[in-house]
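First comes the structure, then the notes that go with it.
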Amino acid sequence: MMNTTGQSAALSSRVQEKFKSVFAGDSSLTVRSPGRVNLIGEHTDYNNGFVLPAAIDKAIFMAVSRRTDHELHVVALDLDSSYQGSVDRLQRSSLHWPDYLLGVIQQIQALGHSVGGFNCVFGGDIPLGAGMSSSAALECATAFALNELFGLKLDPLTMVKLSQKAENVFVGLQCGIMDQFASMFGRRNQVIRLDCQSLEYVYFPFNTEGIRIVLLDTGVKHSLASSEYNTRRQQCEAGVRLVRAHYPDINSLRDVTLSMLEAFVEPVDALVYRRCRYVVEENTRLLNATEDLQKGDLAAFGQKMFASHQGLSHDYAVSCEELDFLVGQVKDDPGVIGARMMGGGFGGCTINLVREAAIDGLIERITPVYREAMQLELKAYIGNIENGTSLE
Ligand code: GLA
Numbered sequence: 049m050m051n052t053t054g055q056s057a058a059l060s061s062r063v064q065e066k067f068k069s070v071f072a073g074d075s076s077l078t079v080r081s082p083g084r085v086n087l088i089g090e091h092t093d094y095n096n097g098f099v100l101p102a103a104i105d106k107a108i109f110m111a112v113s114r115r116t117d118h119e120l121h122v123v124a125l126d127l128d129s130s131y132q133g134s135v136d137r138l139q140r141s142s143l144h145w146p147d148y149l150l151g152v153i154q155q156i157q158a159l160g161h162s163v164g165g166f167n168c169v170f171g172g173d174i175p176l177g178a179g180m181s182s183s184a185a186l187e188c189a190t191a192f193a194l195n196e197l198f199g200l201k202l203d204p205l206t207m208v209k210l211s212q213k214a215e216n217v218f219v220g221l222q223c224g225i226m227d228q229f230a231s232m233f234g235r236r237n238q239v240i241r242l243d244c245q246s247l248e249y250v251y252f253p254f255n256t257e258g259i260r261i262v263l264l265d266t267g268v269k270h271s272l273a274s275s276e277y278n279t280r281r282q283q284c285e286a287g288v289r290l291v292r293a294h295y296p297d298i299n300s301l302r303d304v305t306l307s308m309l310e311a312f313v314e315p316v317d318a319l320v321y322r323r324c325r326y327v328v329e330e331n332t333r334l335l336n337a338t339e340d341l342q343k344g345d346l347a348a349f350g351q352k353m354f355a356s357h358q359g360l361s362h363d364y365a366v367s368c369e370e371l372d373f374l375v376g377q378v379k380d381d382p383g384v385i386g387a388r389m390m391g392g393g394f395g396g397c398t399i400n401l402v403r404e405a406a407i408d409g410l411i412e413r414i415t416p417v418y419r420e421a422m423q424l425e426l427k428a429y430i431g432n433i434e435n436g437t438s439l440e
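Basically my numbering = 1-based index in the sequence shown + 48.
Next up, the structure:
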């Protein structure tokens with residue numbers, strides 16, 4: 049198997065070669081922007097809570113150079129698709145993938161910067177629809193590349209925020225800040241504890257001897273994903289409104305306690321109560337889990353991952369049969385320290401902390417059972433924690 053550095057170099061040169069052949073010249077610069085994992089703290093970011101993500105060694109590579117006109121020529125190498133437009137007329141594309149770039153251009157312009165025409169080729173190895181945030185990586189790659197190409201002098205946090213806004217406004221998913229933040233601020237062998245209220249963040253080492261992050265990909269992405277995501281957001285906001293009627297200073301679930309939920313939400317709306325309770329519990333779980341990590345108590349950390357899954361599946365209801373099946377399959381496996389669904393839900397991956405020596409056996413065991421139960425082919429990835437978005 050090719051090592052991470054070798055694979056990155058190969059992907060990067062594939063993108064650069066394509067650029068050369070399509071645009072008859074070298075690109076000015078190439079950016080690498082990674083996908084992410086999240087160890088714990090799911091659906092907490094848009095509730096002003098905490099998350100614990102990290103950038104990984106799966107990334108998008110984007111080569112760009114300026115044009116003399118205002119046109120935009122983009123090639124999505126892995127999709128074998130191309131797009132042409134103008135930076136003066138940004139309209140949603142029926143191809144969908146250009147929207148991530150167009151949304152970022154729009155947000156850069158909204159900050160008062162001008163973006164000229166450019167040529168672009170991108171491609172990489174973040175599996176699409178697997179919940180590793182290929183879309184955030186594409187947005188961050190675009191923001192970073194254009195910042196360099198046009199000398200915009202945007203700082204990383206501004207690029208994160210505008211990338212998130214691009215997804216909210218142009219793509220239409222009301223996502224939080226976690227994915228873009230992790231893609232931009234990731235650091236090799238470190239997880240980031242981000243406070244999504246203050247945006248303060250701390251890096252924690254995660255070079256846990258003999259334990260690896262294994263992503264088990266269900267191979268499904270149910271169509272509910274984005275509509276239900278936006279609905280969960282509204283349900284959390286509804287819960288906050290019910291509490292705020294009694295505590296006017298409260299702005300988000302971050303300021304809400306379980307007893308407030310029991311007093312003011314449960315009697316009015318049992319469903320909203322369950323959604324909100326999960327979020328409040330997940331924040332507490334994350335804070336305790338980071339203590340486990342600091343103490344090196346991975347067993348306790350792993351149990352919190354399982355508890356997180358339980359909450360996401362039963363109370364927050366963003367899991368699905370395939371995700372529940374995969375978590376159920378590893379629950380009593382002595383080689384697996386913790387597991388849960390990762391990201392928005394309704395498909396994508398489970399994240400598993402697995403003893404290195406047990407990885408091959410685990411994949412061999414689960415692949416046929418998963419195929420049998422779901423008629424789907426399981427894919428497995430090892431997630432190595434890497435640096436965030438940068439120039440190649
Ligand atoms: C998606 C969103 C993130 C976050 C997660 C759930 O990945 O893009 O902002 O809300 O879902 O934790």
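All C-beta atoms, glycine included, are put in the ideal place defined by N, C-alpha and C. Everything numeric in this text was worked out from a predicted model, so none of it was measured.
Segment limits, alpha helix (DSSP H) that includes residue i
i: Val-417; result: 407 to 422
i: Phe-198; result: Unbroken run through Phe-198: none, as it is neither H nor E.
i: Gln-282; result: 272 to 292
i: Arg-114; result: Taken as a continuous stretch (DSSP letters only), Arg-114 belongs to no alpha helix (DSSP H), being part of the beta strand (DSSP E) at 101 to 114.
i: Gln-377; result: 369 to 378
i: Met-308; result: 306 to 312
Residue i CB to nearest heavy atom of ligand 1 below 8 Å
i: Asn-278; result: no
i: Gly-179; result: yes
i: Asn-331; result: no
i: Tyr-321; result: no
i: Cys-368; result: no
i: Ile-174; result: no
i: Ala-214; result: no
i: Asn-86; result: yes
i: Val-99; result: yes
i: Met-226; result: yes
i: Ala-184; result: yes
i: His-118; result: no
i: Tyr-94; result: yes
i: His-270; result: no
i: Gly-409; result: no
i: Leu-200; result: no
i: Cys-324; result: no
i: His-91; result: yes
Local Cβ density within 10 Å of residue i, reported as buried at 16 or more and exposed below that
i: His-106; result: Correcting the residue type first, residue 106 is Lys in the shown sequence and not His. Buried.
i: Pro-253; result: exposed
i: Leu-439; result: exposed
i: Gln-212; result: buried
i: Arg-302; result: buried
i: Met-49; result: Residue confidence is low: Met-49 scores 44 on pLDDT, short of 50, so the model does not pin down where it sits. Its coordinate-derived value is still stated next. Result: exposed.
i: Ser-181; result: buried
i: Gly-409; result: exposed
i: His-294; result: exposed
i: Leu-459; result: There is no way to answer for residue 459, as the model of the chain reaches only from 49 to 440.
i: Ser-183; result: buried
i: Ala-365; result: buried
i: Pro-82; result: buried
i: Ala-325; result: Strictly speaking, residue 325 in this sequence is Arg, with Ala absent from that position. Flag for Arg-325 reads buried.
i: Val-417; result: exposed
i: Asn-331; result: buried
i: Gln-283; result: buried
i: Asn-167; result: buried
i: Pro-146; result: buried
Contact under 9 Å by Cβ, residue i with residue j
i: Gly-431; j: Leu-263; result: yes
i: Gly-392; j: Cys-223; result: yes
i: Leu-120; j: Tyr-148; result: no
i: Ser-129; j: Leu-143; result: yes
i: Arg-84; j: Ala-230; result: yes
i: Lys-66; j: Asp-74; result: no
i: Ala-178; j: Asp-265; result: yes
i: Leu-59; j: Gly-199; result: no
i: Asn-400; j: Ala-103; result: no
i: Arg-413; j: Asp-363; result: no
i: Met-353; j: Ile-385; result: yes
i: Gly-164; j: Val-123; result: no
i: Ile-240; j: Pro-101; result: yes
i: Val-70; j: Met-110; result: no
Element boundaries [beta strand (DSSP E), containing residue i]
i: His-121; result: 119 to 124
i: Leu-401; result: 395 to 403
i: Ile-430; result: 427 to 431
i: Thr-437; result: Looking at the DSSP string, Thr-437 is not in any beta strand (DSSP E), and its letter there is neither H nor E.
i: Thr-78; result: 77 to 86
Any chain B beta carbon closer than 9 Å to residue i
i: Asn-435; result: Of the protein chains in this structure there is only one, and it is not chain B.
Give the list of continuous alpha helix (DSSP H) stretches no shorter than 4 residues that lie fully inside the segment 146 to 188. 146 to 158
Extract the residue ranges of the beta strand (DSSP E) inside the segment 317 to 367, only unbroken runs of 3 or more that lie entirely within it. none
Just to confirm the assignment: which complete alpha helix (DSSP H) runs, minimum length 4, are found wholly within the segment 206 to 275? DSSP runs (the alpha helix (DSSP H)) wholly in the segment 206 to 275: 226 to 233.
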